[in-house]
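Below is one structure, written out as structure tokens, with a few remarks after it.
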Ligand code: NAD
Ligand code: DAU
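Numbering (our numbering), first residue to last: 8 to 348.
See below:
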């Protein structure tokens, strides 16, 4: 592995992963390939472009564009693709699933075809725990059947199935990791933690869905990146790896923690009508990734605390996004008139 194409590398996890890989492997070159949708942001990579000038490149293109993918692979002599590119927000997939089917399903197929054509060394897919669907008890193992319940989760599950089919049919050298909820630097403030942190800083309401008793495993993004690195170097071809802390936190407790860390009143919590089809609980069995020697450095609470600190220290980054017309339109469409009195 020498020349890695990080698709979706201008987004939240992809930009953290790009920085992580360039810092850890002085002989690797990383080419970020990104369409720069609303979630893609070159501000996330500004320091990377400056620090790693000779080992970093950026291609502004769509993973659904076969010619552009081919050109990037040839131009940069790519041997490995790590695919973060996706439409990622569940609420947006409920409003308008089209981009999810295009990018998450068709885009993955385009990348697989390129891996096949150029006989690349490796394709790694960044998957999600949402493919297992709602988990009322116990924890999902990698061999469990997928049972997605939102358009986003269904698009990600479809990609996983296609990747597995390419491995079986064409012997493609693939791996998949399925991550729990990430938090940390550069997360677009539509996801619950950065949304609640930035709203609380501005004394704005925190729109908590339903009864707030839904359960998530909030993991720190750099722990996730470290685990992806491990799968890339030590994972078995054809295998799936769950990645998360393996613990859980209720949304209401996550909300109280954010308010406490910011010294803000609980009166800011605004219950709103629940997300349709809301999965009440995800829980991952992380025995397999741990057996490769990985331990997350942060608990859910540590991860949220580090995230709160980052958003407090980086107001300019998120204010630029939140003050834009595109963000304001989305916020209005998603939250207006949804309050439960
Ligand atoms: P994000 O929304 O912050 O970023 C997605 C990136 O993909 C953006 O830079 C966007 O411009 C790019 N992109 C979208 N469509 C594209 C296309 N057609 N061609 C090229 N680039 C395109 O996402 P994220 O939260 O960083 O998630 C990254 C990956 O990790 C996704 O595959 C997601 O499903 C998965 N994942 C996310 C989480 C999480 O908690 N955020 C958890 C598990 C898995
Ligand atoms: O589990 C991994 C997944 O985590 C990733 O695959 C997705 O890309 C990522 O978006 C995330 O999905 P979630 O739906 O779990 O994340 P979100 O931040 O949207 O919501 C987390 C929880 O908070 C969920 O139970 C819904 C709730 N929520 C969310 C928002 C945006 C609220 O209560 N209020 C909100 O305004």
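Note that CB positions come from ideal geometry on N, CA and C, so glycine has one too.
Among the options, nearest to residue i - alpha-carbon criterion
i, options, result
"residue 344", "193, 277 and 95", "277"
"residue 215", "116, 268 and 348", "348"
"residue 325", "22, 83 and 51", "51"
"residue 135", "320, 69, 307 and 250", "250"
"residue 338", "264, 83, 195 and 130", "195"
"residue 61", "143, 124 and 35", "35"
"residue 77", "12, 190, 183 and 302", "12"
"residue 64", "193, 25, 228 and 72", "25"
"residue 309", "293, 254 and 272", "254"
"residue 212", "247, 114, 223 and 199", "199"
"residue 150", "257, 271 and 295", "295"
"residue 84", "125, 32 and 21", "125"
"residue 205", "173, 252, 262 and 170", "262"
"residue 119", "57, 177, 145 and 103", "177"
"residue 217", "33, 346 and 59", "346"
"residue 167", "242, 247, 193 and 103", "247"
"residue 259", "203, 140, 243 and 22", "203"
"residue 293", "315, 145 and 113", "145"
"residue 96", "72, 297 and 197", "197"
"residue 165", "141, 113 and 117", "113"
"residue 171", "73, 244, 91 and 266", "244"
"residue 201", "27, 266 and 336", "266"
"residue 90", "242, 49, 57 and 117", "117"
"residue 58", "74, 315, 241 and 33", "33"
Under the three-state DSSP convention, the category residue i falls into
i, result
"residue 254", "coil"
"residue 44", "coil"
"residue 203", "helix"
"residue 341", "helix"
"residue 65", "strand"
"residue 127", "coil"
"residue 186", "strand"
"residue 298", "coil"
"residue 82", "helix"
"residue 196", "coil"
"residue 39", "strand"
"residue 248", "strand"
"residue 275", "helix"
"residue 132", "strand"
"residue 211", "coil"
"residue 23", "helix"
"residue 289", "coil"
"residue 13", "strand"
"residue 176", "helix"
"residue 226", "strand"
"residue 216", "strand"
"residue 87", "strand"
"residue 76", "helix"
"residue 153", "coil"
"residue 147", "strand"
"residue 315", "helix"
Supposed contact pair residue j and residue i - C-beta distance, whole angstroms, cut 8 Å
i, j, result
"residue 40", "residue 14", "5 Å"
"residue 38", "residue 10", "7 Å"
"residue 264", "residue 210", "Incorrect: roughly 18 Å between the Cβ atoms, too far for contact."
"residue 237", "residue 299", "5 Å"
"residue 7", "residue 111", "It is not possible to answer for residue 7, since the shown part of the chain is limited to 8 through 348."
"residue 1", "residue 132", "Residue coverage of the chain in this structure runs from 8 to 348, which leaves residue 1 outside it and unanswerable."
"residue 130", "residue 180", "7 Å"
"residue 191", "residue 317", "7 Å"
"residue 127", "residue 86", "6 Å"
"residue 256", "residue 222", "7 Å"
"residue 122", "residue 101", "The Cβ separation is near 31 Å, so there is no contact."
"residue 47", "residue 66", "Between residue 66 and residue 47 the Cβ distance is about 12 Å, and since that is not below 8 Å, they are no contact."
"residue 269", "residue 312", "11 Å between Cβ atoms; not a contact."
"residue 288", "residue 143", "7 Å"
"residue 148", "residue 207", "So it is not a contact: roughly 36 Å between Cβ atoms."
"residue 42", "residue 68", "7 Å"
"residue 231", "residue 20", "7 Å"
"residue 252", "residue 169", "Going by Cβ atoms, the distance from residue 252 to residue 169 rounds to 29 Å, so no, they are not a contact pair."
"residue 279", "residue 334", "So it is not a contact: roughly 18 Å between Cβ atoms."
"residue 23", "residue 193", "7 Å"
task = Say whether the segment 284-298 touches the segment 323-343, bearing in mind that this needs 3 or more beta-carbon pairs closer than 8 Å, one atom from each stretch.
result = no
query = With a cut-off of 8 Å, do at least 3 Cβ pairs link the segment 300-308 to the segment 154-170?
reply = no
ask   = Just checking, does the segment 93-110 make contact with the segment 141-155 on the three C-beta pairs under 8 Å criterion?
value = no
request  = Answer yes if the segment 179-187 comes into contact with the segment 132-148, meaning at least three C-beta pairs across the two stretches below 8 Å, and no otherwise.
outcome  = yes
ask   = Is the segment 237-247 in contact with the segment 310-323, if contact means three or more CB pairs nearer than 8 Å?
value = no
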